[in-house]
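First comes the structure, then the notes that go with it.
In this note's numbering, the protein residues as written are 440 to 914.
Here it is in structure tokens:
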């Protein structure tokens with residue numbers, strides 16, 4: 440079957456500032472939450488907010504501090520993306536490059552200059568930047584001084600930061616995302632939203648209060664973006680992937696529905712402009728009382744223009760799922776699905792699940808979709824000729840692009856596709872470099888050793904062909 444994509448479809452790739460830039464204290468940048476995430480066994484406890492990290496330690500390695508040095512090498516890397524034919528490049532702005540503490544009244548001009556140069560470099564090759572305002576990084580000063588997103592003052596700090604971005608990069612960026620994988624706040628509270636818990640605290644109360652503040656901030660950012668330039672298009676961003684019921688037992692079906700709702704809650708608000716009805720009962724049963732201001736309902740009515748999402752794998756749920764029978768491979772817990780293959784890291788490989796997810800989301804929101812993360816984390820090795828033949832990655836991407844084409848045939852408007860980690864970068868989940876996603880290999884290992892030299896993989900040439908044919912040639 441020949442796959443068909445609409446004219447003007449935005450093909451490209453995605454990275455995040457915190458996983459690629461490095462230069463963590465250069466150009467006036469302040470420390471951010473991600474800079475406290477060590478590589479190694481303590482990483483998960485820190486991400487979950489269970490092991491506080493308010494400063495870095497000499498006995499730990501922090502992969503974000505150097506990343507892949509994109510900060511100094513972005514011209515070389517964007518040239519590689521242009522060689523593949525990218526129409527769009529998704530990246531993020533590091534909040535603490537523009538506001539090192541987060542609560543300043545005026546931005547750091549060196550940070551603005553860096554991103555202006557970066558976006559101009561994209562424009563040189565006719566690549567549209569797709570820019571995330573907050574991709575798993577909160578300035579550490581805001582965590583220590585205010586408790587991060589549990590504090591309503593964060594709404595004002597973020598709104599100021601967002602306005603600065605929209606004004607400083609007006610004419611250079613027209614596609615924006617507010618919060619990356621906003622639902623990860625529930626599953627990985629420190630890396631998702633800078634939350635650290637006190638002993639005995641009602642963690643659900645803290646998480647949903649923080650969620651309320653992020654949702655207000657997202658709505659206000661959307662409003663500001665449209666005021667600064669009516670041409671701006673703003674999206675929300677979900678860590679996507681439906682939950683399948685483990686069986687047709689009604690209790691399993693209900694659990695899967697509840698798990699889906701838990702993740703879709705944020706997008707329900709961002710795309711529909713109000714809290715879904717079911718939250719009233721859930722808040723009551725979990726002892727959650729959201730503190731709101733009278734104007735909040737009106738603020739939340741500023742809804743996004745499109746819905747973006749990541750999709751790596753589908754998930755599985757049953758009424759009996761618990762910490763003993765769910766996979767530790769991902770912070771969003773799931774039972775192992777016996778009907779799908781799994782990656783080296785235990786993530787299910789399920790292209791049909793992408794089509795299912797896209798149909799569910801369009802049925803629910805009736806807004807254009809944008810698949811902004813999709814890819815296979817795998818270990819890559821050089822062959823005798825010094826090449827990386829990553830046919831496993833090509834196979835994964837081919838299957839998912841075909842599933843996306845079928846979703847388009849189903850009648851779903853899809854704006855574009857940015858595969859995750861188009862150049863190898865630090866894994867957000869594990870902090871590893873060896874969990875590689877890119878079309879371009881970066882010579883760096885899990886302990887930060889290597890030359891950082893860039894090498895094109897076999898998938899580089901394959902993806903170049905995919906883009907040139909607008910998705911028609913996937914062989």
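Quick reminder that beta carbons are idealized off the backbone N, C-alpha and C, glycines included.
None of the values given here were measured: they were computed from a predicted structure.
Original post:
Excluding five sequence neighbours on each side, which residues of the same chain lie with their C-beta closer than 6 Å to the C-beta of residue 656?
Top reply: Around residue 656: 594, 597.
Original post:
Given a threshold of 16 other Cβ atoms within 10 Å of its Cβ, counted over all protein chains shown, does residue 699 qualify as buried or as exposed?
Top reply: buried
**OP:** Count the other C-beta atoms from every protein chain shown that fall within 10 angstroms of the C-beta of residue 546, then say buried if there are 16 or more, exposed otherwise.
**Re:** Looking at its Cβ environment, which holds 16 or more other Cβ atoms inside 10 Å, residue 546 is buried.
**OP:** Apply the 10 Å Cβ neighbour rule to residue 759 and answer buried if 16 or more other Cβ atoms are within range, or exposed otherwise.
**Re:** exposed
**OP:** Could you pull out every residue in the same chain whose Cβ sits closer than 6 Å to the Cβ of residue 486, ignoring the five residues on either side in sequence?
**Re:** Here residue 486 has 627, 629, 630 as same chain residues with Cβ atoms under 6 Å from its own Cβ, once five neighbours each way along the sequence are excluded.
Original post:
Cα separation between residue 881 and residue 521?
Top reply: 17 Å
Original post:
Closest to residue 505 by CA distance: which of 468, 463, 913 is it?
Top reply: 463
**OP:** Find the nearest neighbour of residue 450 within the set 461, 474, 529, 500, judged by alpha-carbon distance.
**Re:** 529
Subject >> Test item: CB-CB of residue 754 and residue 855 under 8 Å >> reply: no
Original post:
Is it right to say residue 822 is buried, meaning 16 or more other beta carbons lie within 10 angstroms of its own, or is it exposed?
Top reply: exposed
Original post:
Just curious, the beta strand (DSSP E) that residue 672 is in, first and last residue?
Top reply: 672 to 678
Subject >> Whole runs of the beta strand (DSSP E) within the region 798 to 840, excluding any shorter than 3 residues >> reply: 808 to 812
**OP:** State the start and end residues of the unbroken alpha helix (DSSP H) segment that holds residue 523.
**Re:** 509 to 523
Original post:
Hey, how far is the Cα of residue 621 from the Cα of residue 589?
Top reply: 15 Å
Subject >> contact_flag[the region 497 to 517, the region 860 to 876] where n(CB pairs < 8 Å) is 3 or more >> reply: yes
**OP:** Mind reading off the beta-carbon distance from residue 525 to residue 452? Whole number of angstroms is fine, and I expect it under 8 Å.
**Re:** 6 Å
Original post:
Would DSSP call residue 451 helix, strand or coil?
Top reply: strand
**OP:** Select from 663, 578, 840, 447 the residue whose C-alpha is nearest the C-alpha of residue 494.
**Re:** Minimum Cα-Cα distance from residue 494 among the listed residues 663, 578, 840, 447 corresponds to 578.
Original post:
Are residue 898 and residue 833 close, meaning C-beta to C-beta below 8 Å?
Top reply: yes
**OP:** Evaluate residue 652 with the Cβ neighbour count: other Cβ atoms within 10 Å of its Cβ, from every protein chain shown; 16 or more gives buried, anything less gives exposed.
**Re:** buried
**OP:** Would you mind sorting residue 687 into buried or exposed? The rule is 16 or more other CB atoms within 10 Å of its CB.
**Re:** exposed
Subject >> Close beta carbons around residue 907, own chain, < 8 Å, minus the five adjacent residues each side >> reply: Cβ within range, chain order: 524.
**OP:** Go to residue 470, then tell me how far its alpha helix (DSSP H) extends in each direction, as first and last residue.
**Re:** Counting along the chain, residue 470 sits inside no alpha helix (DSSP H), nor does DSSP assign it H or E at all.
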